[in-house]
Each structure stands twice: as structure tokens, then as C-alpha cells.
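Report on one structure; see the data block that follows.
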Amino acid sequence: MSKVIVMDHPLIQHKIGIMREKTTSTKEFRNLVAEVAMLICYEATRELPLSEKEIETPLVRTTVKEIAGKKLCIVPILRAGLHMADGILNLIPSAKVGHIGMYRNEETLEPVEYFCKLPQDAAEREIFVVDPMLATGGSSIAAIRRLKDRDIKHIHFLCLIAAPEGVQALQEAHPDVDIFIGAMDERLNEHGYILPGLGDAGDRIYGTK
Ligand code: PRP
Ligand code: URA
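Quick note on the numbering used here: the sequence shown kicks off at 1334 and runs consecutively.
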């Protein structure tokens, strides 16, 4: 079974607290999405393998470590995941980026895919799927299924806020995918929104409501 890692770092908790406030501006909210994504990515990349190489400092020859093996690819689920990807690219500027466009049908809560573009060599990369909200799990489950249809295997999922229902559904659907979560909330309401949550992440990032 996959790992579920809920962040306990004070900086992450503090920043997510600001994001939850309804008075937080679009500009500040957007910046916080990128910042918290970067902090979660720091933890999610903890187990990347390292190799050694010889270099020369201005004074002596020495051995340093570098990230070995697989290259990375970030896959934001549009729209809201896009700003998480921007934050993570600050840490890993050489990562490639794939995009999956997905929205929830507001009545059925079923995910509807409208776009998918992935790097050609995605199957050879370590993949980080990012979306701020894991609610019912429908969107992330469908996005990851899409990746697996393309023979992509090494997948991690990063979100800012999760509902227990979504985590359980995602784990059951994709038991091989580790899940990194900024904050675990209480439950979903009758409209599939996370409580206490932060509202509609896409609308708050782009100011569309
Ligand atoms: C939000 C969010 C996730 C999805 C989570 O996207 O960014 O993709 O809902 O819900 P789920 O776990 O129940 O599938 P939304 O459908 O609002 O689209 P948007 O990003 O374009 O606003
Ligand atoms: N999507 C969001 O943006 N927010 C929620 O609370 C649930 C799904």
C-alpha cells in the first residue's frame, strides 16, 4: 500500500491557515499556493536517489552528491494545479511539465477531461501530479489513470488540502501512488466541498467568482 504523508511543518500549517481565510486576496492566495507547493515538494523529493561525482572547489578536489537516475516531470491538473507547478519549478527548474485539464461536473461531481499533453519521455521520468484539492478523489484518480494508460509508472501525488474520503478513494484506486498532503481536513459537505477547506481553489487563484 502507498504512503500517505501529512505535513506537520509549522511554515506549511501557517501558510495554509492564511489561505483558508476568506478575506485573503487573490494575489496573496496565488503566491501562497506556489510557496506551499514548494515546501511540500521539498518533502516529497526526500527519497530521490543520489550519486557521487568528483569536482574541484576553488581550493581542492572533492566528492559531491547529485540527484541520480530518473529525471522529473511535474503534471498539474488544470486549472488549479498550474500554480503549484510554478512553485515547484522554482526548486526543480529542469523538470519537464505535462498538463491534464480536468473539471468536476458540479451535479455529479464526476471528473471531465478536456486536455492532456505530456512529455514524450514521461514514462522514463519520476512523475509528480499536483492539484491543491483532493476532495472526492475523482479528478486525481482519473488523471493518474490517464498517466498509467501511457505506461507511466513512478507517480506521486501532491495536494495542499485533502478530505479523508478522497485519500481513501485515491489509495484504493492507485495503491502504488504515494500521497503528500499539506493538511488533512475533516470531511466533504453535501456539494463535495472540503470542510473546513478553503473554498474553490481555482476560483480563488484566478478570481473567477
Ligand atoms: C477542483 C480541484 C480538483 C478537484 C478536486 O477542480 O482543483 O481538481 O476540484 O475535486 P475531486 O477530488 O472531487 O475530483 P475544479 O473541478 O473546481 O476545476 P478548476 O481547477 O478548473 O477550478
Ligand atoms: N475543489 C475545490 O476547489 N475545493 C473543494 O473544497 C473541493 C473541490
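All residues carry an ideal CB built from backbone N, CA and C; glycine is no exception.
Opposite residue 1432 in the DSSP bridges: which residues? In DSSP, residue 1432 forms a bridge with 1450.
Thinking C-alpha only, which one of 1382, 1522, 1462, 1539 is nearest residue 1507? Of 1382, 1522, 1462, 1539, the residue nearest in Cα terms is 1462.
Same chain only: Cβ atoms within 6 angstroms of residue 1495, ignoring 5 sequence neighbours per side: So the list reads 1467, 1514, 1517, once near-sequence residues are dropped.
I'd like to know if the segment 1335 to 1353 and the segment 1391 to 1399 are in contact, where contact means that at least 3 CB-CB pairs between them fall below 8 angstroms. Contact between the segment 1335 to 1353 and the segment 1391 to 1399 is absent, because fewer than three Cβ pairs lie under 8 angstroms.
State yes or no: is the C-beta of residue 1468 nearer than 7 angstroms to some heavy atom of the ligand URA? Remark: the C-beta of residue 1468 is in contact range of the ligand URA, defined as less than 7 angstroms to any heavy atom.
Does the Cβ of residue 1533 lie closer than 7 angstroms to at least one heavy atom of the ligand GDP? You won't find the ligand GDP in this model; what it holds is the ligand PRP and the ligand URA.
For residue 1421, tell me which candidate among 1377, 1456, 1439, 1403 has the shortest Cα-Cα distance. For the residues 1377, 1456, 1439, 1403, the minimum Cα distance to residue 1421 belongs to 1377.
Which residue marks the beginning of the alpha helix (DSSP H) containing residue 1471, and which one marks its end? For residue 1471, the enclosing alpha helix (DSSP H) has its first and last residue at 1471 to 1482.
Buried/exposed call for residue 1472, threshold 16 Cβ in 10 Å: By the neighbour-count rule (16 or more Cβ atoms within 10 Å), residue 1472 is buried.
Same chain, Cβ closer than 7 angstroms to residue 1363, neighbours up to 5 away in sequence not counted: Excluding sequence neighbours, residue 1363 sits near 1416, 1538.
Cut-off 6 angstroms between Cβ atoms - residues of its own chain near residue 1414, not counting five sequence neighbours on either side: Taken in chain order, the residues that qualify are 1463, 1464.
Could you spell out the range, first to last residue, of the beta strand (DSSP E) harbouring residue 1507? For residue 1507, no beta strand (DSSP E) segment is defined, and its DSSP state is neither H nor E.
Specify, as a first and last residue, the run of the beta strand (DSSP E) that residue 1442 falls within. Run containing residue 1442: none; DSSP gives neither H nor E here.
Kindly list the residues whose CB is nearer than 7 angstroms to the CB of residue 1499, restricted to its own chain and excluding five residues on each side of it in sequence; keep chain order. Apart from sequence neighbours up to five positions away, the residues of its chain that approach residue 1499 with a beta-carbon distance below 7 angstroms are 1467, 1468, 1469, 1470, ordered along the chain.
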